[in-house]
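Remember, the working numbering sits 4 above the position in the sequence shown when you count from 1. Backbone N, C-alpha and C fix where the C-beta goes; we use that ideal spot for every residue, glycine too. No experiment lies behind these values; they were computed from the predicted model shown. Take a look at the structure set out below.
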Amino acid sequence: MIDLQLNAQPKPPAPASFIKDTDEAHFEQDALQTSLERPVIALFLSSSSAICKQMAATLEKLVAATAGAVALVRADVMQNPGLAQALRLQSVPTVYVFHQGRPVDGFTGAKGEAELKTMVEGLKKLAGAPEETDKTALAEQAKKIRAEADGFFGQNNFDAAMERYAAALEIDEGDMEALAGIGWCLLGQGDAASVKEMLAGLTPEQLKTPRLQGLHYLLSLEDKVRGLDDALALADRLIKNPKDLQARYDLAQRQLAAGQIEKGIDTLVDLIRLDREWQEQKARKLLLE
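This is the structure:
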């Protein structure tokens, strides 16, 4: 049974982010115990609900801006039915606010960013936090979310990756790595036009970001491949003659220009294995680029 009042003295908090997921086993530590150090917003949601996801992203951004003055814990009621029953949750999203080990506020249903911001700002004052935003803490939180996005990207789950990159960008609008991540997702989905539009709006300084430079280079390949055979014709040439290194090189360019990065790299690696010195290491140079 979960006791919503905690009368024990504060314990030293375990090293953890002030924005995290929790479950029934850890709720007391993550929400009640932590609230002895700072106000805690407990968001109960369903991972299948778009409204819940949107509100979670908004709260993540607002709480991250407090630089640790306020904490946020998220609990998926579908995965934690016992927690939902103990707290008598009727619907999601539902929010409880804990301070000094006790619930001090709460509501059920979605709220807009303006209302949520007012709530978070009030909790900052309750915690006695300074008004200045800790940019280092924001950058660290954005970096953590970006790492989650990178994981989804590595699984070719471009929709999920783009959602997390966008969340990182909301927290730190200067995060060019997150913006580049969105660009790579768009390219992976075959939307080169949107990537071009995105890059066109950036400054020369912003374009120095390596991942953005990589995008820019891949888009430049479009012009280079216009005169080449299409991918199917090139693949057919290789079936007939696996030692046709020019066809293999052209196919790699086609694949890279289409955003098929892994396939393009594999094709170049195969070419290098066949003849590393072909045309003055042309394949190796393209691979490095």
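- Inter-segment contact for the segment 225 to 232 and the segment 249 to 262 is present: three or more beta-carbon pairs are separated by less than 8 Å.
- DSSP lists 25 and 47 as the beta-bridge partner residues of residue 78.
- Cβ-Cβ distances below 6 Å link residue 161 to nothing in the same chain once the five nearest sequence neighbours on each side are left out.
- Relative to residue 145, the option among 290, 63 and 270 whose CA is nearest is 63.
- The continuous beta strand (DSSP E) containing residue 107 extends over residues 106 to 112.
- When the beta-carbon positions are compared, residue 194 and residue 216 stay at least 8 Å from each other.
- Residue 221 counts as exposed, since fewer than 16 other beta carbons sit within 10 angstroms of its beta carbon.
- In the DSSP assignment, residue 199 is bridged to no other residue.
- If the five residues before and after residue 46 are omitted, its C-beta is found closer than 6 Å to the C-beta atoms of 35, 77 and 100, all from its own chain and listed in chain order.
- Remark: fewer than three beta-carbon pairs, one from each stretch, lie closer than 8 Å, so the segment 101 to 110 and the segment 153 to 171 are not flagged as touching.
- Less than 8 Å divides the Cβ of residue 69 from the Cβ of residue 142.
- The Cβ atoms of residue 75 and residue 81 lie no closer than 8 Å to each other.
- Restricting attention to alpha helix (DSSP H) runs no shorter than 4 residues, the segment 191 to 275 encloses them at 196 to 204, 214 to 229, 235 to 244 and 249 to 261, ordered along the chain.
- Nearest C-alpha to residue 183 among 170, 192, 191 and 175: 170.
- In terms of Cα proximity to residue 42, the closest of 190, 132, 249 and 218 is 132.
- For residue 125 and residue 117, the gap between their C-alpha atoms comes out near 12 Å.
- A straight-line Cα-Cα distance of about 21 Å links residue 243 and residue 280.
- For the pair residue 196 and residue 223, the CB atoms are nearer than the 8 Å cut-off.
- Nearest to residue 271 by alpha-carbon distance, out of 204, 140 and 246, is 246.
- In the DSSP assignment, residue 96 falls outside any beta strand (DSSP E), carrying neither H nor E.
- If you look at residue 86, you'll find it in the alpha helix (DSSP H) that goes 85 to 90.
- Counting C-beta atoms within 10 angstroms of its own C-beta, residue 98 has 16 or more neighbours from the protein chains shown and is therefore classed as buried.
- Taking C-beta atoms under 8 Å as the contact rule, residue 151 and residue 189 fail to qualify, at a distance of about 15 Å.
- Relative to residue 28, the option among 56, 84 and 274 whose CA is nearest is 84.
- Each of 79, 285 and 67 was checked against the Cα of residue 120, and the nearest Cα belongs to 67.
- Per the C-alpha coordinates, the member of 250, 273, 57 and 123 positioned closest to residue 168 is 57.
- The Cβ-Cβ distance between residue 61 and residue 31 does not fall below 8 Å.
- Nearest to residue 95 by C-alpha distance, out of 122, 59, 251 and 49, is 49.
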